[in-house]
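Residue numbers (the working numbering), protein chains in the order written: chain E, 11 to 374; chain W, 413 to 694.
This report refers to the structure that appears directly beneath it.
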């Protein structure tokens, strides 16, 4: 009985892949634990779909291994890998009804008709697609098509589920709903899921582990909280967060027990950070970590150039001595007028420093 | 606005149609009476006579048989080659044009080549002789039954690239993710072919079948170049028969009736064939 044992995780070891001179994947190492919901996220062209195709076995890697359940999968054809995959375009068999689509995986295994019927009904109940069974895939909506594609995968009882993000032409709300559905399924099945997307918000919402890729390289992986609180590079910091991080260009001035950041009209004390020389850096601070007011010990001043009322929070745009305004989130109880000059303070230990040269995190 | 089109259609379709209907109802033989409007009306006499004509009926059956055999072979080869070439094949870019060369060769060249290949001293006999290590002499083209082999082979050789091309484009249109989905669900190559590719090719197969069937029912040049319908009438096909009777024996009305019968049979056959292919979907 397969289901009694813990479900297997997946190890991606030193995977590289090039097409001609273009390096699509560059020595990628990922470990996804048993039963985890892993989300691979990255901008388009980061190689995430290729990675998924390598896991499924449609693309052969130039180097490296895919290991599942202690077995190296490289030489095993897709049909024997016991992996389920929902494709970007869903890949539903357009000449078959939904029922036939779902039963396909059982029919090719020559299972008797009665059992197939029972299993299909069971799957249809789980995914609430009972009334779609006799329709052709062509008339299904995006959400329905995804559910059918999931059902078709589910029926073969794979050990690992792969989801390629649905086509970009679905609207954001629908896509979010679909992800939520996959998450519910994950909680129910408790199997290893790998979801590929370019939408960082989705990733933050559902993932147990986020894997961030860019230009074929793994930038950072870990729990969403870790990624959010400790971005390891400028790119990750910029990429994650509902409201993106503020960045200020500046330089570091070393002092006795720490250093000072100076840029954009702000002077920020950084305790315990002692670089050897003057370095050009980018300071990053999340909107919720900026305090503005009149009775605070300020790091600098800013002029309120715009105010956005968003219900339970207010968003303030502060003009500094740099082109891009600083965005801060404040409670609606605090009231300021447009054009007002206010004191700005960055919460202690919340600012990040990134190297201007290579984008890596320098502090904390 | 539609007038010019209508005029063109009138002259291209309606006038000849009426003319042929009329021709089939009179007794027009240009070697006896040159003005066809002076010929005698004999109504259905031509139809009855030609249906009783054994040469016509045999030619009809022979043509259908040749068509079925040719199409069967062409589709098998075409589908096989298309399937192979739609995967990743070494030298695909070179192979592709080579494979469709037969389509570009004029039929007179094909016919004469096959005539040479199958002639009594030709390479086929010599090769078989070498293999069997004896003197091998078969007059392929002069044998009433064996003569059908070079006919079928030359037709297949010339026309399989067409079915290959059509089926190849059909295969290329099947989405990669559907094939991959079937693979990862656990289907093997044969199951994917049977359950995914073939049903999706159904429409395009029907189209290719109709195009080729129409063409092969008219088979003439190959017959003319290889056997001239002989020996005797043993390889005579419909169009060869119509050509012989109509233009050599000058029985124009008689073959007009024959043409109508062929058209009628074709329409019935095609509508049944198409219904057989598409009808099951509902």
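Don't be surprised by glycine CBs; every beta carbon is placed ideally from N, CA and C.
Since the structure is predicted, the reported quantities are computational estimates derived from the model, not experimental observations.
Contact set for residue i: own chain, Cβ-Cβ below 6 angstroms, skip 5 residues either direction
| i | result |
| --- | --- |
| residue 234(E) | 214, 217, 220 |
| residue 15(E) | Caution is warranted here: a pLDDT of 48 is assigned to residue 15(E), below 50, making its placement in the model unreliable, and no coordinate value can be reported. |
| residue 11(E) | Below a pLDDT of 50, predicted positions are generally treated as unreliable, and residue 11(E), at 36, falls in that range; no measurement from the model is reported. |
| residue 418(W) | none |
| residue 624(W) | 483 |
| residue 332(E) | 274 |
Range of the contiguous alpha helix (DSSP H) that encloses residue i
| i | result |
| --- | --- |
| residue 570(W) | 560-584 |
| residue 338(E) | Premise fails: residue 338(E) lies in the beta strand (DSSP E), 336-340, not in any alpha helix (DSSP H). |
| residue 542(W) | 535-544 |
| residue 603(W) | 601-604 |
| residue 420(W) | 415-421 |
| residue 648(W) | It is not in any alpha helix (DSSP H) - residue 648(W) carries neither H nor E in the DSSP assignment. |
| residue 132(E) | 123-137 |
| residue 156(E) | 152-164 |
| residue 689(W) | 664-690 |
| residue 191(E) | 182-199 |
| residue 467(W) | 466-498 |
| residue 611(W) | 610-629 |
Exposed unless 16 or more other CB atoms sit within 10 angstroms - verdict on residue i
| i | result |
| --- | --- |
| residue 694(W) | With a pLDDT of only 42 at residue 694(W), under the threshold of 50, the placement of this residue in the model should not be trusted, and no figure is reported. |
| residue 684(W) | exposed |
| residue 299(E) | buried |
| residue 386(E) | This structure leaves residue 386(E) out entirely; chain E is present only between 11 and 374. |
| residue 570(W) | buried |
| residue 13(E) | Because the pLDDT of residue 13(E) is 43, which lies under 50, any placement of that residue in the model is unreliable, and the number read from its coordinates should be weighed accordingly. Residue 13(E) comes out exposed. |
| residue 626(W) | exposed |
| residue 141(E) | exposed |
| residue 425(W) | exposed |
| residue 453(W) | exposed |
| residue 93(E) | buried |
| residue 653(W) | buried |
| residue 672(W) | buried |
| residue 95(E) | buried |
| residue 176(E) | buried |
| residue 634(W) | buried |
| residue 25(E) | buried |
| residue 174(E) | buried |
Other residues of its chain near residue i: CB distance less than 7 angstroms, five sequence neighbours each side excluded
| i | result |
| --- | --- |
| residue 355(E) | 301, 306, 307, 308, 309 |
| residue 475(W) | 629, 631, 649, 650 |
| residue 329(E) | 312, 313, 315, 335 |
| residue 116(E) | 126, 129, 165 |
| residue 102(E) | 111, 147, 155, 158, 159 |
| residue 657(W) | 663, 666, 667 |
| residue 351(E) | 311, 313 |
| residue 530(W) | 536, 552, 553, 562 |
| residue 365(E) | 291, 372 |
| residue 523(W) | 566, 633, 634, 637, 638 |
Beta-ladder partner(s) of residue i, from DSSP
| i | result |
| --- | --- |
| residue 205(E) | 49(E), 173(E) |
| residue 272(E) | 261(E), 277(E) |
| residue 21(E) | 41(E), 77(E) |
| residue 327(E) | 316(E), 337(E) |
| residue 210(E) | None, per the DSSP bridge assignment. |
| residue 29(E) | 32(E) |
| residue 245(E) | The partner list for residue 245(E) (beta bridge, DSSP) is empty, contrary to what the question assumes. |
| residue 99(E) | Paired residues: none, contrary to the question. |
| residue 230(E) | 222(E) |
| residue 311(E) | 353(E) |
| residue 371(E) | 364(E) |
| residue 293(E) | 258(E), 363(E) |
| residue 453(W) | 438(W) |
Span of the beta strand (DSSP E) around residue i
| i | result |
| --- | --- |
| residue 516(W) | Not the beta strand (DSSP E): residue 516(W) falls in the alpha helix (DSSP H), residues 513-516. |
| residue 104(E) | Per DSSP, residue 104(E) belongs to no beta strand (DSSP E) and is neither H nor E. |
| residue 365(E) | 362-365 |
| residue 302(E) | 300-303 |
Cβ neighbours of residue i in the same chain (closer than 8 angstroms, five flanking residues each side left out)
| i | result |
| --- | --- |
| residue 606(W) | none |
| residue 285(E) | 262, 264, 269, 372 |
| residue 401(E) | As displayed, chain E neither begins before 11 nor continues past 374, which places residue 401(E) out of reach and without an answer. |
- request: Residues of the stretch 528-551 of chain W with a CB closer than 7 angstroms to any CB of chain E: list them in chain order, please.
  value: none
task: Using a Cβ-Cβ cut-off of less than 9 angstroms, list which residues of the stretch 48-82 of chain E approach chain W; keep chain order.
output: 63, 66, 67, 68
message: Against chain W, which members of the stretch 102-118 of chain E pass a CB distance test of less than 7 angstroms?
response: 103, 105, 114, 115, 118
message: Using a Cβ-Cβ cutoff of 9 angstroms, what residues of the stretch 574-596 of chain W are near chain A? List them in chain order.
response: This model lacks chain A altogether, as its protein chains are E and W.
field: Residues from the stretch 82-94 of chain E in contact with chain W, defined by Cβ distance under 9 angstroms
entry: 87, 88, 89, 90, 91, 92, 93, 94
- prompt: the stretch 611-635 of chain W: which residues have C-beta closer than 7 angstroms to a C-beta of chain E, in chain order?
  reply: 611, 612
- prompt: Listed from N- to C-terminal order along the chain, which residues in the stretch 157-170 of chain E have their beta-carbon within a distance smaller than 9 angstroms of any beta-carbon of chain W?
  reply: 159, 162, 163, 165, 166, 168
query: Can you list, in chain order, the residues of the stretch 122-140 of chain E whose Cβ is nearer than 7 angstroms to any Cβ on chain W?
result: none
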